[in-house]
Amino acid sequence: MLLRQIARYSPQKQKFLSSISCNPRYGRLRPTGCQGDIDTWGFAILSDARSMRPDLTALMMDNKTYETFFNKTSHESQPVKQMPENLTPEEQSLFNQLLDSEKGRTRLEQEFLNQDYVFRHLADWKTHH
637 MLLRQIARYS PQKQKFLSSI SCNPRYGRLR PTGCQGDIDT WGFAILSDAR SMRPDLTALM
697 MDNKTYETFF NKTSHESQPV KQMPENLTPE EQSLFNQLLD SEKGRTRLEQ EFLNQDYVFR
757 HLADWKTHH
């Protein structure tokens with residue numbers, strides 16, 4: 637069994653922000669989704685994961701989710717400044733929107749999403765994959 641692992645370390649927070657293990661041979665047999673925070677670090681982590689799994693689908697990391705839960709957003713104090721390389725055009729657009737935000741509302745943590753919204757989107761994704 638071949639496992640690869642990636643992790644992103646944040647010197648500012650002095651901790652690992654993500655750790656993703658992947659078995660490339662087995663994992664390619666089934667679609668894989670990834671949900672993370674809608675902030676620049678979340679997109680950087682998604683990009684890192686896609687470096688191993690280019691077919692990885694981002695779940696609820698889109699402008700619709702960001703706008704739906706805008707009232708639960710906060711400020712990301714130390715954003716990633718460089719565009720991650722493995723994002724879709726829609727994800728790149730949202731990443732830039734977060735960097736350019738004049739309202740200071742640049743972070744939506746996944747735990748603040750409504751449970752029904754999450755279940756509905758996961759069920760829809762499972763149905764179509």
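Residue numbers (this note's numbering): 637 to 765. All C-beta atoms in this analysis are idealised placements derived from N, C-alpha and C, irrespective of residue type, glycine included. What you are looking at is a predicted structure, and each value in this text was computed from that prediction instead of being measured.
Considered as a whole, the segment 664-733 harbours 676-688, 699-704 as its complete alpha helix (DSSP H) runs of no fewer than 4 residues, in chain order.
DSSP places L749 in the coil class of the three-state scheme, outside both helix and strand.
For T763, the number of other beta carbons within 10 angstroms of its own is below 16, and it is reported as exposed.
As computed with DSSP, R756 is found in no beta bridge at all.
From the listed residues P667, D675, C670, the smallest Cα separation to G740 is found for D675. F705 has its alpha-carbon roughly 12 Å from the corresponding atom of T742.
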